[in-house]
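Using the numbering used here, the first residue of the sequence shown is number 85, and each one after it goes up by one.
Only one structure is covered here, and it is reproduced in the block below.
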Amino acid sequence: MNPDRKELIDRIAASMDRMRRLGRARMRDDLAGFDMTMPQVRTLYFLSRGPQRMKDISDHLMRGMPSATSMIDRLVRKGYVERVPDPSDRRVVLCQITEPGREMLDRFSRMGAVGFEAISESLTDDELDTIAPALDILVDAMARQTSSESDECCKDKREGT
């Protein structure tokens, strides 16, 4: 590999890692005001797609069933999730997001949008003109390396809908 290319790849990887760490730190700060953890927020986003079985929640979070169940218990106590019978199999219990859970996600999303807007406002038009197409190229390259199913979930965001 060309040394210049390797250096650029290393720079991009380091920048992405730093961006990820800064984003997580910001999310932790934002979540502190909500009395929520990131896995709880991820669970609410997952449940916003529709009712889910505990196994599916556990798989999505890449956690064991006991850990996922404990988290759902906490979200139920907060009023953000409820357990309901599966209409197609009365032996199965589904977890679904409640209206207060949706409101929590909306508040969290609005806070994230405000934070991103503040970051964007600190950039010049020239910087934005550089960043936007570069990110499009990177996202497209990632999509080519990802299964079509995973890419399909991001299609709306890519098309701006």
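Even for Gly, the Cβ is constructed at its ideal location relative to N, Cα and C.
For clarity, every value in this text was computed on a predicted model and none was experimentally measured.
Only buried fits Ser-142, as 16 or more other CB atoms lie within 10 angstroms of its CB. Straight across, the Cα-Cα distance linking Gly-185 with Gly-163 is about 7 angstroms. Per DSSP, the unbroken alpha helix (DSSP H) holding Asp-94 starts and ends at 87-116. Of the residues assessed, Ile-203 falls on the exposed side of the cut-off, its CB having fewer than 16 other CB atoms within 10 angstroms. For Leu-159, the enclosing alpha helix (DSSP H) starts and ends at 149-161. Annotation for Arg-110: Gly-199 place their beta carbon closer than 8 angstroms to its own, counting only its chain and skipping 5 residues before and after.
Secondary structure remark: continuous alpha helix (DSSP H) runs of at least 4 residues inside the region 176-207, in chain order: 183-205. Arg-167 has Cys-179 as its beta-bridge partners, per DSSP. In the DSSP assignment, Arg-228 falls within the alpha helix (DSSP H) that extends over 209-228.
With a 10 Å radius around the Cβ and a threshold of 16 neighbouring Cβ atoms, Ile-156 comes out buried. By alpha-carbon distance to Lys-139, the top candidate from Pro-123, Asp-94 and Gly-148 is Gly-148. Beyond the five residues adjoining it in sequence on each side, Thr-153 comes within less than 7 angstroms, by CB distance, of Met-138 in the same chain, given in chain order. Restricting attention to Asp-119, Leu-207, Ser-172 and Arg-105, the CA atom closest to the CA of Pro-135 is found in Ser-172.
Residues Leu-145 and Met-155 of the same chain have their beta carbon placed closer than 7 angstroms to that of Pro-123, with the five preceding and five following residues left out of the count. Judged by DSSP in its simplified three-state form, Arg-137 adopts strand.
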